[in-house]
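Only one structure is covered here, and it is reproduced in the block below.
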Amino acid sequence: MKRISAVFLCFSIALAATGKDLMPANKNKNEDPRALRLEYPKLKSGRKNLLIVHTTADYGINFSLEWNCRKKANRWTCYEMYDGNTCTSGRRTNTFREDKAIPKEYRTTLSQYAGSGFSRGHLCPSADRLCSREQNDQTFLLSNMQPQYQKHNGGLWSKLEAQVRKWNNAAFRDTLYVVKAATIDHKSQTYGYTKKGLLIPKFFYMAVLCKKGNTYKAIGIWTEHKNERANGKQLAQYAISIDELEQRTGIDFFCNLPDEIEDRVERELIPEAWGLK
């Protein structure tokens, strides 16, 4: 009887070890259970950084963001795009307002934008969330904004937003995992603060992961935030690898992917695979 028990124990240990070996390795995923979906970057530690997840009754998670309370600024917004949560028939609500999920003393306000010379630039765009009034309404929370020169916001950034929507079709993807943000972490990557306390980034960027079947690919987009139109430039000129984007920002994107997949897609830069020339 003891011999049988010993054999069974050895078999159980071997089976457990084999099962563990079959699990995809992921040494750097987020620990916060709210941030385990593929679109989430690695969360920044510290009490002054808030993770905020906005949800709707009909569509679940709408978008998420990380908020730096000390700087009163968005570090990034992330969200998914797939057939079930993107529509084209809804209306823009224009309900710009403070985000009450952030303690009042750490919010940005409409009065800070008034007369600042900067637009309230969406990160998760209104046009990406048109399935319901609630879904669209949340995109107008000021926590989902960065102050932008209008020539950038209505020019190059708008073109890049439209390009992401072109990728959002069933022939191209099952799901897009999107991060949009601007540089606030390093003083050298900002223009400083306005008189009313808005932190102005020098760069805006995107990180996009595409899943189609069992395949993945990723691309980074990097733009300089200037008060001028970027005329005549091909969008491929703004494409960089995710590895390069991580070097520039210090943020670990798509950290919840298995390490083997993450390493491969983040070092690749193939603009043609994204229809960019």
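Under mature numbering (1 follows the signal peptide of the UniProt record, and there is no 0), the letters of the sequence shown match residues -16 to -1, 1 to 261, in that order. In this text, a Cβ means the ideal position worked out from N, Cα and C, and glycines have one as well. Nothing here was measured: the structure is a model prediction, and the numbers come from that model.
query	result
Reduced DSSP category for Q130 - H, G, I as helix; E, B as strand; rest coil	strand
Top-ranked residue by Cα proximity to T77, from Q173, P109 and R91	P109
Simplified DSSP assignment, three categories, for T79	coil
Cut-off 7 Å between Cβ atoms - residues of its own chain near K32, not counting five sequence neighbours on either side	N52, C53 and R54
Residue 263 and L107 closer than 8 Å at C-beta	Residue 263 lies beyond the range of the chain shown here (-16 to 261); nothing can be said about it.
Rounded separation between I45 and Y175 - CA only	33 Å
Contact the stretch 194 to 202 vs the stretch 80 to 94: 3+ CB pairs below 8 Å	no
Residues bridged to V249 (per DSSP)	None; V249 has no bridge partner.
Exposure of K56, with buried meaning 16 or more beta-carbon neighbours within 10 Å	buried
C62 beta carbon less than 8 Å from that of Y24	yes
S172, buried or exposed, once every other Cβ within 10 Å from all chains shown has been counted against 16	exposed
Complete beta strand (DSSP E) runs within the stretch 42 to 80 (minimum length 3 residues, chain order)	44 to 52 and 57 to 65
Exposed unless 16 or more other CB atoms sit within 10 angstroms - verdict on R213	exposed
DSSP state of Y161 mapped onto helix, strand, coil	strand
Bounding residues of the alpha helix (DSSP H) (the contiguous stretch that carries T233)	I226 to T233
CB contact below 8 Å: N10 versus chain D	The question asks about chain D, but that chain is absent: this structure has only one protein chain.
Beta-carbon gap between A202 and L260 smaller than 8 Å	no
The stretch 125 to 145 touching the stretch 81 to 90, judged by at least three CB pairs closer than 8 Å	yes
Whole-Å CB distance - P185 paired with I205, under 8 Å assumed	That pair is no contact at about 14 Å.
CB contact flag (L182, F102, <8 Å)	yes
First through last residue of the beta strand (DSSP E) which encompasses E208	T199 to E208
A155 to D67 span [Cα, whole Å]	11 Å
N33: first and last residue of the uninterrupted beta strand (DSSP E) it sits in	N33 to T40
CB contact flag (N152, M65, <8 Å)	yes
A146 burial status per 10 Å Cβ neighbour count (16 or more: buried)	exposed
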